[in-house]
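These protein sequence lines are chains V and R, in that order. Residue numbering for the first sequence is 1 to 420, as defined by the numbering used here. Residue numbering for the second sequence is 1001 to 1080, as defined by the numbering used here. Okay, structure first, notes after.
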Amino acid sequence: VRTAAAPVSDLVVLPGPMLLRDAWQGVDLLSHRAARGPLPHLPAGALVELVTAAVLRGRGGAGFPFGRKLAATARGRRRPVVVVNAAEGEPESAKDTALLRTVPHLVLDGAATVADALGARDVHVVTASDRPETGDAVSAALGERDDPRLRWRHHEAAGRFVAGQSSAVVELLSGREGLPVSAWRPLAERGVGGRPTLLSNAETFAQVAVLVHDGLSAYASVGVPDEPGTRLLTVSSRFAGRLRRSFREPEARVVEVTHGTPFSQVLGPHEVAGPVLLGGFHGTWVEGHDLAALEVSTAGLGRHGLTPGAGVVLPLGALGCAVRATADVAAYLAGESAGRCGPCRNGLPALADALDRLADGVDTRARVAELAGVVTGRGACAHPDGTARLATSLLDRLGAHVEEHLAGRCACPASRRAAS
Amino acid sequence: VTPGASGRRGGRPDVTLAIDWPACRARGLCAELLPEHVTLDEWGYPVLHGPVPARLRDLVVEAVRACPYRALRVAQSASG
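Structure, rendered in structure tokens:
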């Protein structure tokens, strides 16, 4: 089963405790204001304190402390620019789509709060061209905004994997092709048009909005002490198509999970019956029964060398072949390289080829490990590193599956061919 | 004495190199000029082996100037 390149479309968004509390109550500004109240104004210092006290981390994948990013941007001499990144280049992710299609004004409130605190005038919202409904939702919501002083602009990035990388988004907003470039200075110092730029994921802004609307004590009434509040996860069953059809489930669901909740409460028994790719295509394989016992939080996952990434959870199911799945994803990722950086342009196809041969039953493990090492840290964006992480985690964390596959004991056709 | 990434020897800081990957076209002059500190991968792209000692700074400057694509750089200080 080759992994589809089109983003998740068959989606269910479940109501949640904070961000998705008012999902489906009406996406217009009036309904939003009725549910959440007027937007409070906070100066930069107070906002930095608030998000730091709430231990808010960015939700685009890197998990950088938002208070530090905000403070760094506020230190610049020139007027900053705010960018809401909802390009969601990872096709299996749908959380930003879910937010913008159900509670767009929550995301925009967060961006307005940040822009207001920083004294920014220009706020850019970036969606992907292969998610047209998300773009339409943003256009409609921006048409309703009544923020004095703010200039909102909506941009569409190309619907490709690397177009959501932060340097690619800044390139797009600077009037160039939206592809990753080398960033010699942090965006907080020099970003869009050379200005200090605060670029964050759409969910991060929604978290800011909940925090300023509800206050710290309400925000921290759920979650764990070292990470209050909630986090959005996209659980995609694209790997487990056979399973999905038999269960009549949609392709993916977006759930808002309270930090500290064990994965066994988030995923069904059939979803943890096999390996799970945590963090999406740039993520890490983990055995489902191991993941079930872990809690959804940065620290809880970090103790096991894992991160929530951008919250994409891809269960393989008990019947899937992790080697074949990894090879298919790596082939897709190699095709998604912008082709600008030599090690990525050459190394990713070589890595995908080595994984494909592994899936065909040839023991290429040493070559896979070598290539993963060669491409890591050698590009303008995180694409080679993420692809290497995926490959390395197959060898390191699912070593027993790989052994079984090579020994012809895997349930997949290639393995059975090898055995006969 | 084994200076680390920000190691100093005689008060002069080691030189940390960086590659502008989209600009690099694998000409390999950097590896010719700094063979102990830059090697080439199987496609001819540079692999950096940690900071270059300060005594080789002149050679580093030469390598930076030699790159026809201006893809080799001296990295900014850690705060950058």
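Note that beta-carbon positions come from the ideal geometry of N, C-alpha and C, so glycine has one too.
- The beta carbon of T364 (chain V) is closer than 6 Å to those of A354, R357 and L358 in its chain, skipping five residues each way along the sequence.
- Only V374, R378 and G379 from the segment 355–379 of chain V bring a Cβ to less than 8 Å from some Cβ of chain R.
- Between the beta-carbon of E287 (chain V) and that of H259 (chain V) there is about 22 Å, and that puts the pair past the 8 Å contact cut.
- Within the segment 235–319 of chain V, the complete beta strand (DSSP E) segments of 3 residues or longer fall at 252–258, 276–278, 284–286 and 312–315, listed in chain order.
- Rounded to whole angstroms, G342 (chain V) and S415 (chain V) show a C-alpha spacing of 34 Å.
- With respect to chain V, the C-beta atom of D1014 (chain R) has no partner C-beta closer than 7 Å.
- Within 10 angstroms of the beta-carbon of G45 (chain V) lie fewer than 16 other beta-carbons, which makes it exposed.
- Scanning the segment 43–121 of chain V from its first residue to its last, the whole alpha helix (DSSP H) runs of 4-plus residues come out as 44–53, 66–74, 95–102 and 104–118.
- Listed in chain order, the non-local C-beta contacts of R324 (chain V) below 6 Å within the same chain comprise A359 and C412, local neighbours out to five positions each way being set aside.
- Between T230 (chain V) and M18 (chain V), the C-beta gap is smaller than 7 Å, which places the two residues in contact.
- Per DSSP, the beta bridge partners of N201 (chain V) are V:N85.
- Taking a beta-carbon distance threshold of 7 Å, C341 (chain V) counts as an interface residue toward chain R.
- When beta bridges are read from the DSSP output, T134 (chain V) appears opposite no residue.
- Pairing G164 (chain V) with E171 (chain V) gives a Cβ-Cβ distance that is not under 7 Å.
- Taken atom to atom, the span from the alpha-carbon of P91 (chain V) to that of S264 (chain V) is near 24 Å.
- Each of V:P308, V:L394, V:W152 and V:R79 was checked against the Cα of L142 (chain V), and the nearest Cα belongs to V:W152.
- Where T1039 (chain R) is concerned, the enclosing beta strand (DSSP E) starts and stops at V1038 to L1040.
- Those residues of the segment 175–188 of chain V placed with their C-beta closer than 9 Å to a C-beta in chain R are L179, P180, V181, S182, W184, R185 and P186, ordered along the chain.
- Beta-carbon to beta-carbon, V27 (chain V) and P104 (chain V) are separated by about 6 Å, close enough to satisfy the 8 Å threshold.
- Residue environment: Y219 (chain V) is assigned as buried (16 or more neighbouring CB atoms within 10 Å of its CB, all protein chains considered).
- The Cβ-Cβ distance between P275 (chain V) and L316 (chain V) falls below 7 Å.
- Contacts with chain R at 7 Å (Cβ-Cβ) do not include N201 (chain V).
- Within chain V, the C-beta atoms nearer than 7 Å to that of D1041 (chain R) come from P343 and V374, in chain order.
- Counting the other Cβ atoms within 10 Å of the Cβ of V1061 (chain R) gives fewer than 16, which makes it exposed.
- Under the Cβ criterion (8 Å, minimum of three pairs), the segment 399–408 of chain V does not count as touching the segment 79–97 of chain V.
- At the C-beta level, L14 (chain V) and V255 (chain V) come within 7 Å of one another.
- For A157 (chain V), the uninterrupted beta strand (DSSP E) segment begins and ends at R151 to A157.
- DSSP places E189 (chain V) outside both helix and strand once states are collapsed to three, so it counts as coil.
- When DSSP states are grouped into helix, strand and coil, T376 (chain V) belongs to the coil group.
- Under the Cβ criterion of 7 Å, Y1045 (chain R) is counted among the residues facing chain V.
- Between P1022 (chain R) and chain V, the shortest Cβ-Cβ separation is below 7 Å.
- DSSP places L20 (chain V) in the coil class of the three-state scheme, outside both helix and strand.
- Across the structure, D1041 (chain R) and D396 (chain V) are spaced so that their CA atoms are roughly 24 Å apart.
- Note on the segment 1043–1078 of chain R: whole alpha helix (DSSP H) runs with a minimum of 4 residues are 1057–1066, in chain order.
- In summary, the residues of the segment 1041–1075 of chain R whose CB is separated from some CB of chain V by less than 7 Å are D1041, W1043 and Y1045, in the order they occur in the chain.
- Residue state for H41 (chain V) is assigned as coil, using DSSP reduced to three classes.
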